[in-house]
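Engineer: Next up is a structure, given as structure tokens.
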Amino acid sequence: MIDKDFDLTRRSFIDHVLKASAGAGMAAAAPWAAFAASAAPGQKDRVRLGVIGTGDRGRTLIRNIAKTRNCAVAAICDDYEPNLVKGRALVPGGTPAFADHRAMLDAGGIDAVVIATPLHVHAAQTLDSFDAGVHVWCEKAMARTIADCSAMVKRAQDRRKVLQIGHQRMFNPTYLNALKRVKAGEIGPVTQIRASWHRNTSWRRAVPAGSDLERKINWRLYRDSSAGLMTELATHQLQVGNWFLEAPPTRVIGSGSICFWKDGREVYDQVALVFDYAGGRKLVYTSLLNNARYGCEEQIQGSKGTIEPELGRIYQEKPPGVPALRKMGEDVQAGRKRPVPIGGATWFPELPVTTPGESLGWGEYDETMLQFEVFGEAVRSGVPAPGLLRQAYHASVTSLMGEDAMDSGRPVDWPSSLVDI
Amino acid sequence: MGTRIELHLFGTAEDGSMIEARRAIEAVDDALTIHRPSPTTALNDSLAAGSPAAIDDPLLFDALVEIDHAYQAMEGLFDPAADVSTGGAGWNMVLFDREDARIRALRPLALDFGGFGKGFALDRACDVLRRADRVSALLSAGESSIAVVGEHPLGGRWPFAIPHPLQPDRILLELELEDSALSISSTVGEGTYAPDRAPMIRPGDGTIVTGRRTAVACARSGARAEMMSTALLVADGDQAKRFLDGEPARRFLFDFTGETGISVPPAETVIR
Ligand SMILES: NC(=O)c1ccc[n+]([C@@H]2O[C@H](COP(=O)([O-])OP(=O)(O)OC[C@H]3O[C@@H](n4cnc5c(N)ncnc54)[C@H](O)[C@@H]3O)[C@@H](O)[C@H]2O)c1
């Protein structure tokens, strides 16, 4: 794509975000969206970012940062040489590269770090970065424990630094538009969200023969470094759930198991949880790794309709009409009078409604890029985009309390000792 | 109400009566729904707490009068209490003072107007349309509740055919209506589509009606037709006989469990 085309795409994308975030109630529900759309980064000096972790996600982030108009990668860091090499290939020659994040922080020359390392090192790297006086953009989920998530928030507040977490759905125009339509009452009060992320993959990565890198490369599969499906997948959807239900859950029950991939992993390959929200509302969550039929979706269900944002569709609840009565109307028009068959549908099975629904619009997203433009503006002004961190903090806590409920086999209440944001 | 209401209007109704009829239905829904805050949910809060409540909403009051009357007339077989099925308290635990429009429950309970609400809504809409001149209309709430106003648009009565629940090609019952309502209740196809009726519960002892039955009731009032078809479905043999004997052309009960039906309908029945 040439620059001019890209700029057009970008502008229409921002337009979509603006349009979606302009609805009634949206300023309170997604305060960062107006900030994102109005942030018009000029061609001033770019915010200098040091990327820690140039694995799969880190490299995707580097590509997105390159698309922004206000950020640039000024240093990279990875403690695994093969991945650092891959990271180098994406940045201008001469960009400093480090094997240790503290060395990168000591070297200076960056305004902020971008953390895309395994979950269990997020907290330490975040705290070190704040202590070194730079701002932090960190991938979701925030940290391996609720205490570490809280420590990250607290340190950001104490050091008056920006902490932004990578929950890109908050910048996705389809999600923003979905929320706008919920706020407008189009699907009635939302009483249940059924969310799932189903994949058919082992999640296992090949490890160089003879190496002792199993736990490093397959960090997702081990308890020390990951809460598995909860922090890797569910956290995105729990963020959406809390967002659409306007508050975090009050309680969760759940059950997890290693059911299919009995390959020495420690994290569940199948989870099922019910999150309670105020007023009896629920989020019913399942995730598994050996069947992809139902994929990734949040079915946001109200009394008047349903929204499926991943599919980008909105459905109205319309009990089916009675065909016999339509027929009667036609008969009368034609001057015919004959018995109207009635009561028949009473005996039909209640199958899912398969109406096509209506599109929520907009297929091309650049939400990951937009996250960084917003972060860049926040770093420049020293003021975080409103609302983002609270969403992310609550999403991480929600996913970790789910893990706790499954491990303990007991209901777990929303923790009372969180940091205020 | 959770049910789609259809309104088919023919003839020369005065402008606006269609909209007025729709408003009447919405007003009933607003008063009787338990799916969002309403006069009924407020009443249920009081009934659950065992505290007396004044009934200020005129639609809710009228509905309670209808129900109280029907409860007596139908030997307690129609009961609007939500948990009567699971051994909870029923309408017999309710003290309803019509004169003072006050109500109180002796044991905690909640009301759920369900199918009654559909019939009651149709009645209100029919009243509106009857006030309009020379109108001819058919109203339905789902497929199980029908009401007609006036004559068929082509003259005479409105013919209906109720298919056999087990053999859809066969007609179970044909009947003709004029200015009246019809309600069908059925246990056949249990576990399939019958959102507010399956499983059917016998109010007296809270047992599930396991027989394969279809009940049909006609009445001037849709609410009464609803309550009667429900009562017929759960009635025991003697009770059913008493209800059917009085009104052979307006009430029907088909039992598909055994060989013989309790009521063998005439092929065509005229309802006035
Ligand atoms: N937002 C999203 O959609 C999304 C998608 C994928 C991954 N992620 C998140 O991104 C993060 C990384 O995931 P990934 O799939 O890229 O993992 P990965 O294993 O591919 O990459 C992690 C990299 O971090 C490096 N690393 C580990 N410890 C380090 C340390 N102490 N110092 C420096 N580098 C270190 C590893 O060598 C590796 O190169 C995770 O938090 C994950 O949840 C987010």
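These protein sequence lines map, in sequence, to chains A and B.
Numbering-wise, our numbering comes out as the position in the first sequence, counting from 1, plus 89.
Numbering-wise, our numbering comes out as the position in the second sequence, counting from 1, plus 409.
Don't be surprised by glycine CBs; every beta carbon is placed ideally from N, CA and C.
Residues in its own chain within less than 7 Å of R516 of chain B by CB, not counting five upstream and five downstream?
Structural biologist: Locating residue 516 of chain B in the second sequence gives position 107, counting from the first residue. Cβ neighbours of R516 of chain B beyond the five flanking positions: A498 and M502.
Engineer: May I have the straight-line CA-CA distance separating F569 of chain B from P262 of chain A, to the nearest angstrom?
Structural biologist: Walking along the second sequence from the start, residue 569 of chain B turns up at place 160. Walking along the first sequence from the start, residue 262 of chain A turns up at place 173. Approximately 51 Å between the Cα atoms of the pair.
Engineer: For D536 of chain A and G222 of chain A, what's the separation of their Cα atoms in angstroms?
Structural biologist: Residue coverage of chain A in this structure runs from 90 to 510, which leaves residue 536 of chain A outside it and unanswerable.
Engineer: Would you mind reading off the limits of the alpha helix (DSSP H) that contains A440 of chain B?
Structural biologist: Your numbering for residue 440 of chain B matches position 31 in the second sequence. Unbroken alpha helix (DSSP H) run through A440 of chain B: S426 to L441.
Engineer: Let's see if you can read the secondary structure: which residues bound the beta strand (DSSP E) around Y404 of chain A?
Structural biologist: Position 315 of the first sequence, counted from the start, is the residue given in the question as residue 404 of chain A. Taken as a continuous stretch (DSSP letters only), the beta strand (DSSP E) holding Y404 of chain A covers R402 to Q405.
Engineer: Do P207 of chain A and ligand 1 come close, with the Cβ less than 6 Å from some heavy atom?
Structural biologist: Here residue 207 of chain A refers to the residue found at position 118 of the first sequence. For ligand 1, at least one heavy atom lies less than 6 Å from the Cβ of P207 of chain A.
Engineer: Would V437 of chain B and F529 of chain B be called neighbours here (beta carbons separated by less than 7 Å)?
Structural biologist: To locate residue 437 of chain B, count along the second sequence from 1; it is residue 28. To locate residue 529 of chain B, count along the second sequence from 1; it is residue 120. Yes. Within cutoff.
Engineer: Which of the three DSSP states, helix, strand or coil, is assigned to K133 of chain A?
Structural biologist: On the first sequence, position 44 is the one that residue 133 of chain A refers to. The answer is coil: DSSP assigns K133 of chain A none of H, G, I, E or B.
Engineer: T215 of chain A by DSSP, collapsed to three states: which one?
Structural biologist: Sequence index remark: in the first sequence, residue 215 of chain A carries index 126 (1-based). Helix at T215 of chain A.
Engineer: Give me, in chain order, the residues of the same chain whose beta-carbon lies closer than 7 Å to that of T324 of chain A; leave out the 5 immediate sequence neighbours on both sides.
Structural biologist: The residue labelled residue 324 of chain A in the question sits at position 235 within the first sequence. Contacts found: K229, A230, A484, S485 and S488.
Engineer: Could you please give me the residues that DSSP links to D664 of chain B through a beta bridge?
Structural biologist: Position 255 of the second sequence holds residue 664 of chain B. B:R622.
Engineer: Taking buried to mean at least 16 other C-beta atoms within 10 Å of its own C-beta, is I174 of chain A buried or exposed?
Structural biologist: As a working note, residue 174 of chain A is residue 85 in the first sequence. Checking the sequence shown, residue 174 of chain A turns out to be Val, not Ile. Counting Cβ neighbours within 10 Å, V174 of chain A comes out exposed, since fewer than 16 surround it.
Engineer: Hey, out of A:R249, A:Q257 and A:Q214, whose CA is closest to D237 of chain A's CA?
Structural biologist: If you number the first sequence from 1, residue 237 of chain A lands on position 148. Considering only alpha carbons, the answer is A:Q214.
Engineer: Where does A511 of chain B fall in DSSP's three states?
Structural biologist: As a first step, residue 511 of chain B is located in the second sequence; it is residue number 102 there, counting from the start. Note on identity: in this sequence residue 511 of chain B is Arg, with Ala being the wrong assignment. Here R511 of chain B sits in strand by DSSP.
Engineer: Please confirm if E552 of chain B has its CB atom under 7 Å from at least one CB of chain A.
Structural biologist: Walking along the second sequence from the start, residue 552 of chain B turns up at place 143. Yes, E552 of chain B counts as interfacial toward chain A.
Engineer: Return helix, strand or coil for T234 of chain A, following the three-state DSSP convention.
Structural biologist: For this step, residue 234 of chain A is matched to residue 145 along the first sequence. DSSP places T234 of chain A in coil when its eight states are reduced to three.
Engineer: Is there at least one Cβ from chain B nearer than 7 Å to I389 of chain A's Cβ?
Structural biologist: As a first step, residue 389 of chain A must be located in the first sequence, where it is residue number 300. False, the Cβ-Cβ gap to chain B never drops below 7 Å.
Engineer: Anything in chain B within Cβ reach of L334 of chain A, meaning under 8 Å, just list it in chain order.
Structural biologist: For the purposes of this step, residue 334 of chain A is taken as the residue at position 245 of the first sequence. Here the premise fails: no neighbours, minimum Cβ distance about 17 Å.
Engineer: Determine the chain B residues that contact V140 of chain A at a beta-carbon separation under 7 Å, and present them in chain order.
Structural biologist: What you label residue 140 of chain A is simply residue 51 of the first sequence in a count that begins at 1. Near V140 of chain A there are no residues of chain B at all, since even the closest Cβ is about 50 Å away, more than 7 Å.
Engineer: Check R427 of chain A in the structure and name its three-state DSSP category.
Structural biologist: Within the first sequence, numbered from 1, the residue matching residue 427 of chain A stands at position 338. Coil at R427 of chain A, not helix or strand.
Engineer: DSSP state of Q257 of chain A, grouped into three classes?
Structural biologist: If you number the first sequence from 1, residue 257 of chain A lands on position 168. Of the three classes helix, strand and coil, the one that applies to Q257 of chain A here is helix, per DSSP.
Engineer: Would you tell me roughly how many angstroms separate the C-alpha atoms of T596 of chain B and T639 of chain B, rounded to the nearest one?
Structural biologist: Residue numbering aside, residue 596 of chain B sits at position 187 when the second sequence is read from its first letter. Residue numbering aside, residue 639 of chain B sits at position 230 when the second sequence is read from its first letter. Taking the straight line joining both Cα atoms gives about 10 Å.
Engineer: Which whole runs of the beta strand (DSSP E) in the stretch 361-385 of chain A are 3 residues long or more, in chain order?
Structural biologist: Listed in chain order, the complete beta strand (DSSP E) runs (minimum 3 residues) inside the stretch 361-385 of chain A are 370-377.
Engineer: Is any heavy atom in ligand 1 found nearer than 6 Å to the beta carbon of E170 of chain A?
Structural biologist: Taking the first sequence and counting its residues from 1, one reaches residue 170 of chain A at position 81. E170 of chain A: no, Cβ never under 6 Å from ligand 1.
Engineer: Looking only at C-alpha atoms, which of B:G526, B:K527 and B:V558 sits nearest to A541 of chain B?
Structural biologist: Position 132 of the second sequence, counted from the start, is the residue given in the question as residue 541 of chain B. With distances taken between Cα atoms, A541 of chain B lies closest to B:V558.
Engineer: At a Cβ threshold of 7 Å, is L563 of chain B touching chain A?
Structural biologist: Taking the first residue of the second sequence as position 1, residue 563 of chain B is located at position 154. Chain A, which has a Cβ nearer than 7 Å to the Cβ of L563 of chain B, makes this yes.
Engineer: Which residue comes first and which comes last in the alpha helix (DSSP H) that contains P467 of chain B?
Structural biologist: Sequence index remark: in the second sequence, residue 467 of chain B carries index 58 (1-based). Element bounds for P467 of chain B: P467 to A482.
Engineer: Hey, A440 of chain B and P448 of chain B: beta-carbon distance below 7 Å or not?
Structural biologist: Stepping through the second sequence from its first residue, residue 440 of chain B is reached at position 31. Stepping through the second sequence from its first residue, residue 448 of chain B is reached at position 39. It is a contact, given that the beta carbons lie within the stated cut-off.
Engineer: When DSSP builds the beta bridges, which residues end up paired with F569 of chain B?
Structural biologist: Here residue 569 of chain B corresponds to residue number 160 of the second sequence, with the count starting at 1. According to DSSP, which records beta bridges pairwise, F569 of chain B is partnered with A:V429 and B:L584.
Engineer: Pick out whichever of B:R431, B:R566, B:D645 and B:A590 has its Cα sitting closest to the Cα of A634 of chain B.
Structural biologist: One-based indexing of the second sequence puts residue 634 of chain B at position 225. Here the closest residue by C-alpha is B:A590.
Engineer: Is the CB-CB distance between T375 of chain A and N153 of chain A below 7 Å?
Structural biologist: Position 286 of the first sequence, counted from the first residue, corresponds to residue 375 of chain A. Position 64 of the first sequence, counted from the first residue, corresponds to residue 153 of chain A. No, the Cβ-Cβ distance between T375 of chain A and N153 of chain A is not below 7 Å.
Engineer: Taking C-beta to C-beta, are T666 of chain B and A550 of chain B nearer than 7 Å?
Structural biologist: Translated into positions along the second sequence, residue 666 of chain B becomes position 257. Translated into positions along the second sequence, residue 550 of chain B becomes position 141. No; because the gap between Cβ atoms is not below 7 Å, this pair is not in contact.
Engineer: So what does DSSP say about H483 of chain A, is it helix, strand or coil?
Structural biologist: Taking the first residue of the first sequence as 1, we reach residue 483 of chain A at position 394. DSSP places H483 of chain A in helix when its eight states are reduced to three.
Engineer: Give the DSSP bridge partners of N289 of chain A, in chain order.
Structural biologist: Reading the first sequence from its first residue, position 200 is the one you call residue 289 of chain A. Bridge partners of N289 of chain A: A:N379.
Engineer: Within the continuous alpha helix (DSSP H) that includes H190 of chain A, where are the two ends?
Structural biologist: For the purposes of this step, residue 190 of chain A is taken as residue 101 along the first sequence, with counting starting at 1. H190 of chain A -> alpha helix (DSSP H) spans H190 to A196.
Engineer: If you run the structure through DSSP and keep just helix, strand and coil, what is C348 of chain A?
Structural biologist: In the first sequence, counting from the first residue as 1, residue 348 of chain A sits at position 259. Three-state DSSP puts C348 of chain A in coil, outside helix and strand.
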